[in-house]
Structure formats: C-alpha cells, structure tokens
C-alpha cells in the first residue's frame with residue numbers, strides 16, 4: 010500500500026461518540042466517501058489496531074492516518090462543448106448531455122465531462138482526486154440533465170455536506186412503463202450490488218445502504234406514466250432501481266428494462282431537471298432547471314398524441 014506520510018490526529022471532545030467516517034471526514038476536511046475509502050483500505054488505526062467506518066471515536070485519543078501517495082494528473086483537457094447554465098468563481102452548473110460519461114475510468118480516459126471541465130475551467134476542487142476533480146455528485150452516462158461541480162475545495166465540502174444533509178435538492182423527470190396507481194409515494198429500501206450481476210444494483214433486505222426516493226405522478230398515458238422523482242439519498246442507479254422495483258421500469262433502460270420500445274432514445278428516459286442549493290460563499294439559496302432533451306420531448310409529444318402502439 011503506497012503512502013507518503015502518516016499523520017496523527019487528536020480527537021477533540023466535540024467529535025467524541027461520532028462514527029469514524031463522519032468525525033474524521035470533518036477533522037481532515039475531506040468528503041465522507043473519501044474518508045470511508047481510507048478506512049476501507051485499512052489506512053486508519055488506533056495504536057496497532059485498524060479501525061473501520063463504524064468505530065466510535067473517543068475524546069483525546071490519537072488516530073493515525075496513512076495518506077496515499079499523490080498520483081500525477083494524466084486526464085487531459087479536451088475542447089468539448091458544455092451547456093453551461095450558471096458559473097462563478099466557486100461553482101459551475103451544467104446541463105449534461107445524454108451519452109456523456111461524467112468522469113474517466115479504466116479504458117475510458119477521454120470524452121468525459123471531467124475532460125471538458127478541465128478545458129473550460131482554470132480551477133477545480135481536488136477533493137475527489139485526479140480522476141474526478143470538481144465532481145460533487147454524478148449522473149449515469151445515459152441520464153441527461155443538471156449537475157453542479159465545484160471549483161475549489163471549500164465549495165466542494167459545502168455542497169457535499171448539503172447533499173448529505175438534504176439541504177441541496179435534486180429532482181428528475183422520468184417516463185416509465187405502466188400506469189402508476191398512486192399519485193405520490195416514498196420508496197424506502199436498501200440498495201446494494203446485484204449478487205448475480207456486479208454491474209447492476211438491486212433492492213436487498215440486508216447488507217445494503219438506505220435509499221429514499223419520493224415520486225409524484227405528473228401525467229398518465231395508460232401504458233406509460235410521466236413521473237417526477239426527488240432524491241433524498243444518492244445511491245448508484247437509485248431511481249432506475251426503485252422504479253423497476255415498484256414494477257414501473259424506465260422507458261429505454263438497457264440495464265434494468267432491456268425491452269423494445271416504440272420510442273427512439275439511446276438509454277433510459279431519465280432527466281435531472283432541477284437543482285436547488287445554498288451557495289457555498291454567499292449563503293444565497295439558488296435554483297436552476299435544465300430543459301428536457303429533444304428525445305424526451307418527442308416521447309412526451311407522442312404520448313399526448315396517443316402514438317405509442
């Protein structure tokens with residue numbers, strides 16, 4: 010396990026009793042997910058004993074963190090057009106196109122939102138490392154819509170905390186198969202990796218992470234429903250998994266509903282429409298919307314005309 014330094018932290022009294030991932034994230038000024046990664050990798054210890062995320066911190070105890078070696082940035086800026094909705098010195102709000110990958114991964118280091126941001130912005134937060142600079146939350150490749158990215162670490166920490174505390178709110182529009190009977194509802198489950206397909210997520214009875222989605226039916230079209238979903242947690246594929254779990258899978262979803270569709274759409278009919286958050290510097294509450302992409306507009310037009318048989 011590569012590392013450059015081992016740093017020792019004294020736990021203050023105000024963090025006593027907190028879980029290690031929560032308290033140490035605050036102490037080290039990193040995101041909780043980054044802290045969980047350090048803990049999962051066995052980089053955090055108390056004396057000779059490695060501690061895990063659920064360890065309860067004690068006042069005045071010494072915790073040692075083995076910080077990983079910094080990697081050189083090998084993700085290159087690319088002149089890829091961005092649909093910028095708002096931008097200032099702290100944040101940039103964009104309307105991500107369907108089909109664009111958010112950040113590089115193994116075998117896919119070009120053509121991503123991160124490549125485009127590196128070209129467009131002079132600065133991005135470094136909290137999520139060299140592969141995901143500025144990325145506070147993500148959208149699936151084939152989900153379109155609004156995203157916010159951070160230009161500095163203070164903005165990143167603020168936005169991450171707002172998402173965790175449900176201060177920042179995200180709502181989506183989705184077209185699903187079937188006629189959802191209830192006008193409104195809240196889906197509360199645990200979600201984890203599908204045991205039979207590690208590329209998919211699934212609702213599980215134990216061993217998963219809590220996932221909460223609120224939904225409101227906007228229009229019914231007999232065989233299809235237009236629904237608004239609001240995320241109260243941010244699990245991988247959450248809306249796609251939750252609606253499939255209810256029996257109303259997303260139109261066009263190649264992973265959770267691989268069925269032929271009468272509509273032309275590359276990927277699932279899911280759009281991140283609205284984002285509200287408190288500006289990390291000014292404290293002003295801000296709200297932004299991203300217009301529906303043309304493919305979903307055409308689907309809804311055809312539904313209004315009854316052209317879906």
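In this note's numbering, the protein residues as written are 10 to 318. Where is the CB? At the ideal position from N, CA and C, for every residue including glycine.
Less than 8 Å separates the beta-carbon of residue 107 from that of residue 276.
Remark: C-beta atoms of residue 122 and residue 145 do not approach each other more closely than 8 Å. Residues of the same chain with a CB within less than 6 Å of the CB of residue 137, apart from the 5 flanking positions on each side, are 144 in chain order. Boundaries around residue 41 are those of the alpha helix (DSSP H), 41 to 49, since no beta strand (DSSP E) includes it.
Collapsing the DSSP output to three states places residue 109 in coil.
In this structure, residue 250 keeps its C-beta atom at 8 Å or more from the C-beta atom of residue 278. Counting along the chain, no alpha helix (DSSP H) covers residue 134, and no H or E run does either. By the C-beta criterion, the segment 216 to 230 is judged to be in contact with the segment 192 to 199, since at least 3 inter-stretch pairs fall below 8 Å.
According to the DSSP assignment, residue 94 belongs to the beta strand (DSSP E) that extends over 93 to 96. Cβ atoms of residue 284 and residue 141 stay farther apart than 8 Å, at about 18 Å.
Note: residue 185 is bridge-paired with 234 and 259 in the DSSP secondary-structure output.
In the same chain as residue 70, and ignoring 5 residues on each side of it, the C-beta atoms closer than 7 Å to its own belong to 20 and 55, in chain order. Our two residues, residue 286 and residue 91, have alpha carbons roughly 21 Å apart in a direct line. Taking 8 Å as the upper bound for CB-CB distance, residue 281 and residue 181 are in contact here, some 5 Å apart.
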